[in-house]
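Asker: I have a structure I would like to understand better, so I am pasting it below and will then ask my questions one at a time.
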Amino acid sequence: MPFNIYLVSCIPRRNYAQTRCSERDRMALLQFKKGLVDDYALLKSWRNTNTTQDCCKWRGVGCSNDTGQVIRLDLPAVWLQEVDQLIGLSGEIGSSLLSLNSLTYLDLSGNSFTRIPNFLGSLNSLQHLILSNIELTSPEIPYQLGNLSNLQTLDLSATSIVLKTTDWLSHLSSLKYLNLSYIDLSDSVGLLSNAIKLPSLVDLRLVNCLLPNNTAKSFFRSMTNLSDSFAVLDINSNYLPASEIYPWLFSFSSSLTDINLSDNELLGIIPEAFGMFKNLQTLDLTNNGLQGGIPVSFRNLGKIRELFLSGNNLNQDLPSFFSNLPQMSLQVLDLYGNQLSGSLPDFTTFTALKELYLGQNQLNGSFPQKFEKISNLSILDLADNSINGFLPNLSVFASLRELYFERNLLNGTLAEKLKPLSKLESLGASSNFFQGTISETHVANLSRLRYLDLSNNSLAIEIGSNWSATFQLETISLSSCKLGSSFPRWLKTQTNFSVLDISNTGISDSVPSWFWESLIPGIRYLNLSSNQIHGMIPDLDFISGNQPIIDMSSNNFSGNLPLFPLDIVTLKVNDNMLSGPISSLCNLTTLSLLDLSNNKLSGELPNCWNTLNNLAILNLEDNGFIGVVPESMGALEFVSMISIRGNSLTGELPASLRNCTSLLLLDLGENQLSGKIPEWLGESLSLLLVLSLQSNQFHGAIPTSLCKLEMIQILDLSVNNFSGSIPKCLNNITGMTMRDRGTLRSSFEYNAVGLVRTRLAVRARVVFKVLLQWKGRQSEYQNTLRLVVSLDLSSNRLTGEIPGEMTSLLGLIALNLSRNSLSGSIPEDIGRLGQLDFLDLSRNNLGGGIPTSLAQLSYLGFLDLSFNNLSGRIPKSTQLQSFNGSSYAGNSNLCGVPLLNVCPGDEPRSTNQDISEQESDDDRLDKGFIVSVVAGVAFGFWGFCGSLILKHSWRHAYFGFLNVIINSFLLRLELSFARLRRQTSP
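Written out as structure tokens, the structure is:
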């Protein structure tokens, strides 16, 4: 059940005189306190001493100006920021409250009690009862509450109660405000029919109540019985269709002032009938799948102040959309996350507008050349569009507190435009094309600035080391800006930041001690990655409380691994020069992502992985670890990636790894592991997409249980001591038989943390690089990895024939069976593998002829059939003749181009010139082909994408298609260059 606390704003608070309370009331309150558990001393002022006898001065107590009697108890739980949690009272609600004869207001929300007592129904003077968000041991609601004939406010929202008998509701004849939000009403058959019998009802809130359609239908159609005073309706998050809402809703067009229908299933276009609500002040239709534009009738909503339409599919052009809105009253307009198009109109014509949200639409064009009026806007959000050109003169927006235009196409300078914005608190300008320099002069006037995101621009930040800061930033994001080679000394003036990203900013300095010392314990995100920072990282275990993310990858840090915060969730220090053991990590029990790859770490892997059971991604590759794979690593039941490639691990695979059933990637290559592949590997790790055991000392037969890895796309068992035959059941691997690829990602990325107090949503990303080896050359694939489907069984001791079933692996890009002792012939229908780029069958004992179907492999970029016992003519095709003779060498009975061996009946070639000329032609063909492809793609790409830049809707429609095509091209081009290098190498 969602967690919410509602404040009833319609209840006036009087200035109660500090009159001495009566003895009767004081003793009743002290008796009430005895039944409560007050772990946080919230009622410490409630004491019976000479100095504290006036209960009207006690916390949460309000007394009448006239009589001094207690008329108000305001005791909700409070949010304690220091511990980041709600603290409150618990225990029993004591019957001594009955002695408070004049009590009109009781708020116990957010606390924990055993039950709601029956006697509350005897508090005859009670007008306002707030019992929201209470955790109850006994969930029954007493029917005696129906006796509260003077009750005007009843709030039971988000309280753990069960409402089945609700006849008592109809007796609350004075009730104006009813809130039953976040209570399961799916079985409350009589509730809704009783609610409509409340003649004084003004405000009804039924948020996320699981209202069943059949009950809602009868209820809402009877709501016309409500009085003309009915003004506020909130039924959001009930997923009701328009047919259950619209028919009765429009009958209240004269009374309703606030309507919240968000997160339902209205769908379709917005009805014109909404224009009949002459008194409407707030309308929320967020997340309803609405389409089209705004009806012309909305111009009639002369009192509308807030209009929320975010998260729909509205696709009108923005100038037309704005022309159908009233300009004098609207204060908040939220159109975030639609498909609105067109250029930005002059929104200063909305004279009352204070908040405008246009982010994540399809807006293009530039800002208006001129704004007609001075704007009262305090928040302007234009992020995630395609707005281009220069920023306008922002002096007309001097009231702005928050300004966001991230991820657009804006260019020019930014610095001078900031000067007039003296009230600015948040600035998001990342991922544009801004240039120029920002100095202390440009930001000196921004004394209220707390949030600054300039990342991914070509901006140079030049602030002097002696600058006296006029602001204290909480979020600093300057990734990919130019900060200079020295560590920015001006950061010394910033002592309150909890988010800092200065990655890829050109720093080639050591981190000064004052920086580490200035880090506040509550830091949430620290990113120094992709610089050339050197020196040692000090212990950072003093940071705690906010589950921080720390990324210092791709630098030159050295020394031992320091102590990190105990509650850290993401730690990336890969690609540095750190050394020593890693046993200090055993206490980091909240870690979700750990990347220590490509360092100089050493020693045995600690056997404490059972304490890191939240780990999802583990990358320890390319270090100097020794010893065995620890048994405790099998306790990582949620881990999706384990890579320990490139170390010196020994021993067998621990059986405990079978418990890592969420694994998508397991890379143990380039170690000294031994033993047989256990049967459980294929049976328990059924989700594997990548399995690499290459360059180890495994032996025995390849188990048929590996055929149960139906989703696998990369299987590398090369350079081991496997023997026996190739399993025929490999055709059961669906991940290799499918022509349509894309399951495998080139990186493992997940939402590491949502920084809710900022606009940053940090996504932790670990790139997985696959080393694929052909002809003794290792090639690393990263960006095009998801397009690779590879089976590598090379450099083992395999015998027998190549199974014909392997020709069913239609998705294969690479097949390497070289350096074994395979016999028999090449399967006749090998040409079915139409996606093959790499085929290496060299150094086996294969005989017979080369199948003619091989000529059908039009994508083939690498072929090696050398050193076998093949015979007969090489089939004629442009593809097969394009390879040089080394691809067929060592087969003495093989003849035909490109070999010198002439087949019977062919004309002899007397010199090597023909071969040389052919190879030269091949070189020119390949080079010319690559150059022409690059040029063609360049012209075609910019011609096509230029159109897409101008037409935003096209870009969205073709984005996925282009992504696949470009990635495929990159892969093909990479392979072509590799082939060209081989042919031109000596």
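Every letter in the sequence shown is one number past the one before it in our numbering, and letter 634, counting from 1, is 682.
For glycine and all other residues, C-beta sits at the position ideal for the given N, C-alpha and C.
For Ser-495, which residues of its own chain have a beta-carbon under 6 Å away from its beta-carbon, when the five flanking residues on both sides are left out?
Answerer: Answer for Ser-495: Thr-518 and Phe-519, listed in chain order.
Asker: Does DSSP put Leu-297 in a helix, a strand or coil?
Answerer: Residue state, collapsed to three classes: helix.
Asker: If Val-118 and Leu-156 are in contact, beta carbons under 8 Å, what's the gap, nearest whole angstrom?
Answerer: Between Leu-156 and Val-118 the Cβ distance is about 15 Å, and since that is not below 8 Å, they are no contact.
Asker: Locate the alpha helix (DSSP H) running through Ser-566, then write down its first and last residues.
Answerer: Note, Ser-566: alpha helix (DSSP H), 561-566.
Asker: Does Asp-215 come out as helix, strand or coil in the three-state DSSP assignment?
Answerer: If DSSP states are grouped into helix, strand and coil, Asp-215 belongs with the helices.
Asker: Relative to the C-alpha of Ser-838, which residue among Ser-934, Leu-184 and Met-784 is closest?
Answerer: Nearest option by C-alpha distance: Met-784.
Asker: Would you tell me roughly how many angstroms separate the C-alpha atoms of Val-668 and Glu-652, rounded to the nearest one?
Answerer: Looking at the sequence shown, residue 668 is not Val but Leu. Rounded to the nearest angstrom, the two C-alpha atoms are 12 Å apart.
Asker: Taking Ser-688 and Ser-710 to be in contact with their CB atoms under 8 Å, please state how far apart those CB atoms are, rounded to whole angstroms.
Answerer: Sure, about 5 Å apart at Cβ, within 8 Å.
Asker: Short of 7 Å in beta carbon distance, which residues of its chain neighbour Gln-364, apart from the five on each side in sequence? Order them along the chain.
Answerer: For Gln-364, where only same-chain residues beyond five positions count, the Cβ hits under 7 Å are Gly-340, Gly-341, Ile-342 and Leu-388.
Asker: Name, in chain order, the residues that DSSP records as bridge partners for Gln-410.
Answerer: Bridge partners of Gln-410: Ser-389.
Asker: Look up Pro-319 in the DSSP assignment and say whether it is helix, strand or coil.
Answerer: Looking at Pro-319 - three-state DSSP - the assignment turns out to be coil, as it is neither helix nor strand.
Asker: For a minimum of 4 consecutive residues, which ranges assigned as the alpha helix (DSSP H) are wholly contained in the stretch 455-484?
Answerer: If we require 4 residues or more, the alpha helix (DSSP H) runs fully inside the stretch 455-484 come out as 463-466.
Asker: Would you mind reading off the limits of the beta strand (DSSP E) that contains Phe-673?
Answerer: Taken as a continuous stretch (DSSP letters only), the beta strand (DSSP E) holding Phe-673 covers 672-675.
Asker: Quick one: what's got a C-beta closer than 6 Å to Asn-719's C-beta in the same chain, skipping five residues either side?
Answerer: Around Asn-719: Asn-695, Leu-697 and Asn-744.
Asker: What do you reckon, are the CB atoms on Leu-425 and Leu-406 nearer than 8 Å?
Answerer: No, the Cβ-Cβ distance between Leu-425 and Leu-406 is not below 8 Å.
Asker: Could you tell me if Glu-420 is buried or exposed, where buried requires 16 or more neighbouring beta carbons within 10 angstroms of its beta carbon?
Answerer: Flag for Glu-420 reads exposed.
Asker: Under the three-state reduction of DSSP, which class applies to Arg-74: helix, strand or coil?
Answerer: Correct three-state label for Arg-74: helix.
Asker: Got a sec? Which residues, its chain only, sit under 6 Å from Ala-290 by beta carbon, not counting five neighbours each side?
Answerer: Excluding residues within five positions, the ones whose Cβ falls inside 6 Å are Leu-314.
Asker: Going along the chain, which unbroken runs of the beta strand (DSSP E) with 3 or more residues stay wholly within the stretch 169-223?
Answerer: Listed in chain order, the complete beta strand (DSSP E) runs (minimum 3 residues) inside the stretch 169-223 are 176-178 and 201-203.
Asker: Would you mind reading off the limits of the alpha helix (DSSP H) that contains Gly-730?
Answerer: 728-732 is the span of the alpha helix (DSSP H), which, as asked, contains Gly-730.
Asker: DSSP puts Leu-642 in a beta bridge; with which residues?
Answerer: Note: Leu-642 sits in a beta bridge opposite Leu-619 and Leu-666.
Asker: For Leu-258, which option in Glu-188, Phe-300, Ala-206 and Lys-224 has the closest C-alpha, if you only look at C-alpha atoms?
Answerer: Nearest C-alpha to Leu-258: Ala-206.
Asker: Using DSSP with H/G/I as helix, E/B as strand and the rest coil, what is Ala-862?
Answerer: Ala-862: strand per DSSP, three-state reduction.
Asker: Closest Cβ-Cβ distance between Ile-762 and chain C: below 8 Å?
Answerer: The structure shown has no chain C; it contains just one protein chain.
Asker: Measuring only the C-alpha atoms, how far is Val-617 from Leu-77?
Answerer: Roughly 46 Å between the two C-alpha positions.
Asker: Let me confirm a value: Ser-906 is counted as buried when at least 16 other C-beta atoms fall within 10 Å, else exposed. Which label applies?
Answerer: Exposed.
Asker: Sorted by chain position, which residues of the same chain lie with C-beta nearer than 6 Å to Arg-253's C-beta, five sequence neighbours on each side aside?
Answerer: Contacts found: Asn-227, Ser-229 and Asp-282.
Asker: If you follow the alpha helix (DSSP H) that Phe-369 is in, where does it begin and where does it stop?
Answerer: That run of the alpha helix (DSSP H) goes 366-371.
Asker: Looking at Ser-503 and the ligand FMN, is the gap between the Cβ and the nearest heavy atom below 7 Å?
Answerer: This structure lacks the ligand FMN; in fact it carries no ligand of any kind.
Asker: Thinking just about the alpha-carbon of each residue, which of Phe-300, Asn-256, Phe-80 and Leu-865 is nearest to the one in Tyr-287?
Answerer: Measuring from the Cα of Tyr-287, the nearest candidate turns out to be Asn-256.
Asker: Leaving out five residues on either side along the sequence, give the residues of the same chain with a beta carbon under 7 Å from the beta carbon of Glu-965.
Answerer: In this prediction, Glu-965 scores a pLDDT of 40, lower than 50, which makes its location untrustworthy; the coordinate-derived value is nonetheless stated afterwards. If we look at Glu-965 and ignore the five residues flanking it on each side, it has no Cβ neighbours.
Asker: If you follow the beta strand (DSSP E) that Glu-354 is in, where does it begin and where does it stop?
Answerer: That run of the beta strand (DSSP E) goes 354-356.
Asker: Any chance the stretch 157-177 sits against the stretch 108-117, with 3 or more Cβ pairs inside 8 Å?
Answerer: Segments in contact, no.
Asker: Could you tell me which of Pro-952, Thr-900, Ser-935 and Asn-917 sits nearest to Gly-909, measuring between CA atoms?
Answerer: Of the candidates Pro-952, Thr-900, Ser-935 and Asn-917, the one whose C-alpha sits nearest the C-alpha of Gly-909 is Ser-935.
Asker: Please classify Gln-417 as buried or exposed, where buried requires at least 16 other C-beta atoms within 10 Å of its C-beta.
Answerer: With fewer than 16 other Cβ atoms within 10 Å, it is exposed.
Asker: Should Arg-805 go down as buried or exposed, given a rule of 16 or more other Cβ atoms within 10 Å for buried?
Answerer: Any reading at Arg-805 must be qualified, since the residue scores a pLDDT of 44, below 50, and its modelled position is unreliable; no value is offered.
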